[in-house]
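Residue numbers (our numbering): 1 to 356. Have a look at the structure below, then the notes.
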Amino acid sequence: CFTFYEVPSLALAAELTQDYDARTSLMSFRYFFAWIGGLAIQVALLTLLLRPTETVKMGFFNLDGWHTYGLWAAVTIVGAIFICSVGTHRYIPHLKAAPPARNLTIGKVFSEIFETVSNPSFRALFLATLFGLFASGISAALNQYINGFFWGFDTDQIAGLTMGVFLSAGMALVLAPLIGKSLGKKRGAIIIGLFAFTIAPAPVLARLFGLMPANGTDALYYIVLVITVVDVALIIVTQMLMAAMVADIVEESELATGRRSEGIFFAGISFIRKLSQGAGILTAAVVLSVAELRPGMQPGEVADASLDRLGWGYAVSLLVIWMLMIFCLSFYRISRESHAANLAALAARDEPGTTP
1 CFTFYEVPSL
11 ALAAELTQDY
21 DARTSLMSFR
31 YFFAWIGGLA
41 IQVALLTLLL
51 RPTETVKMGF
61 FNLDGWHTYG
71 LWAAVTIVGA
81 IFICSVGTHR
91 YIPHLKAAPP
101 ARNLTIGKVF
111 SEIFETVSNP
121 SFRALFLATL
131 FGLFASGISA
141 ALNQYINGFF
151 WGFDTDQIAG
161 LTMGVFLSAG
171 MALVLAPLIG
181 KSLGKKRGAI
191 IIGLFAFTIA
201 PAPVLARLFG
211 LMPANGTDAL
221 YYIVLVITVV
231 DVALIIVTQM
241 LMAAMVADIV
251 EESELATGRR
261 SEGIFFAGIS
271 FIRKLSQGAG
281 ILTAAVVLSV
291 AELRPGMQPG
301 EVADASLDRL
311 GWGYAVSLLV
321 IWMLMIFCLS
331 FYRISRESHA
341 ANLAALAARD
351 EPGTTP
């Protein structure tokens, strides 16, 4: 049900503005608030709900807390949808006019969809998103195990790491528009992505090679905290730039097909998000199985060999899949100059008396 709202809401970005840099700014704010909202409820989960009890030594296994979290999350989602809908309603008169009604067959609909998604830049972003969210699914599923078992952090320390990411979101909100203006979206996403996605598994790899402080030390916690804040900021910047890159495909596609297809492009990204994150969770389950981490195990009960397998599975899988994402991103072909040329060509085509 959420998808029925999310797809047209995302597609609005391409209609609210055609400016190359304004789209980056718009998507930056969207992702900033997405991270702030997600982080806020995550901190509430860790600090208020997943608390140890007499029978549950580790807060992560407090099932009552998880159930309450589900209710809180649902209310937050509905509230956010309402606020966004009310806030954008007044822009309806200024959006692109709907195309004239046509008689369409099922075959014609699917042929037009296929023509639209055949855009080379969309294919590049589609595959990049596939691998990027595949890695995100792995990271999301294994992150609690890395923090709780591999590093030995308690729920209060993990809440501190999560709160540090608030700073990451603020840094990204400032950096993404600056990087988009100075480097361009594609180049910026590739360069920042290479930094972000090599830094992310670096602490785990360093531990596997014996280069990190011992668990339980303040030095370990602060090193991981600083790396997390910087790295997540770079990851969010990459996400912001890639989201703005989707919007820029609309005019290139319109020039080639004669149709604006914001909804199709963002629906495709939404579809691949669900597919790839599910695959990421499945891969994470394989890593946990190989590491022999079973349900109900507590920190201190896991053998060092299992922790090593967990670390290798986490770091190597993320590094490989994220590099595949960067490789796919390199095939995106829209630049600031080509976007301006697309807008100029569309304006010339739409002038009265101009032959299509």
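C-beta: ideal position from N, C-alpha, C; glycine also. Quantities reported herein were computed from a predicted structural model and do not represent experimental measurements.
Membership of Thr-24 in the alpha helix (DSSP H) is indicated by the continuous run 20 to 44. In this structure, Gly-38 lies away from Leu-50, with their beta-carbon atoms at least 7 Å apart. Under the three-state reduction of DSSP, Arg-207 is assigned to helix.
Exclusion of the five residues before and after Thr-88 leaves Leu-12 as the residues of its chain whose Cβ lies within less than 7 Å of its Cβ. Tyr-222 and Ile-249 have their C-alpha atoms roughly 42 Å apart.
One thing to note: Thr-283 has its Cβ within 7 Å of the Cβ of Ile-138. Contact between Lys-181 and Asp-21 holds: their C-beta atoms lie close to 6 Å from each other, under 8 Å. For Arg-333, the secondary structure class from DSSP, reduced to helix, strand or coil, is coil. Considering only Ile-41, Met-325 and Gly-280, the residue with the shortest C-alpha distance to Leu-71 is Ile-41. Secondary structure at Phe-60: helix, using DSSP grouped into helix, strand and coil. According to the DSSP assignment, Asn-103 belongs to no alpha helix (DSSP H), since it is labelled neither H nor E. The DSSP-derived three-state label of Met-212 is coil. From the listed residues Leu-343, Ala-135, Ala-101 and Val-290, the smallest Cα separation to Ser-317 is found for Ala-135. Contact between Asn-342 and Leu-255 holds: their C-beta atoms lie close to 5 Å from each other, under 8 Å.
Around the beta-carbon of Gly-210, fewer than 16 other beta-carbon atoms lie within 10 Å, marking it exposed. Separation of the CB atoms of Leu-161 and Thr-228 is rounded to 5 Å, and the pair is thereby assigned contact status at 8 Å. The alpha carbon of Gly-152 has as its nearest neighbour, out of Val-302, Ile-92 and Thr-3, the alpha carbon of Val-302. Straight-line spacing of the CA atoms in Phe-29 and Ser-111 works out to 35 Å. The alpha-carbon of Phe-114 is positioned some 45 Å away from that of Asp-308. Contact between Ala-279 and Thr-238 does not hold, since the beta-carbon distance rounds to 20 Å and is not under 8 Å.
Between the alpha carbons of Asn-62 and His-339 lies a distance of about 51 Å. By the CB criterion at 7 Å, Val-232 and Ser-168 fall inside the cutoff. Counting along the chain, Ala-169 sits inside the alpha helix (DSSP H) bounded by residues 155 to 183.
Residue Tyr-314 holds the alpha-carbon nearest to the alpha-carbon of Leu-288 among Ser-330, Arg-123, Ile-264 and Tyr-314. Pairing Lys-186 with Leu-329, the inter-Cα distance amounts to about 7 Å. Contact between Val-7 and Ala-267 is confirmed by a C-beta separation of about 5 Å, below the 8 Å threshold.
Your pair Ile-191 and Leu-178 does not check out as a contact, with CB atoms roughly 13 Å apart and the cut at 8 Å.
Look at Gly-152 here: in three-state DSSP terms it is coil, with no helix or strand label. Tyr-69 and Leu-16 do not touch by the CB rule: their CB atoms are close to 33 Å apart, not below 8 Å.
Of the residues Phe-271, Met-27, Pro-213 and Phe-126, the one whose Cα lies closest to the Cα of Ala-14 is Met-27.
Assignment of Ser-9 by DSSP, reduced to helix, strand and coil, places it in the helix class.
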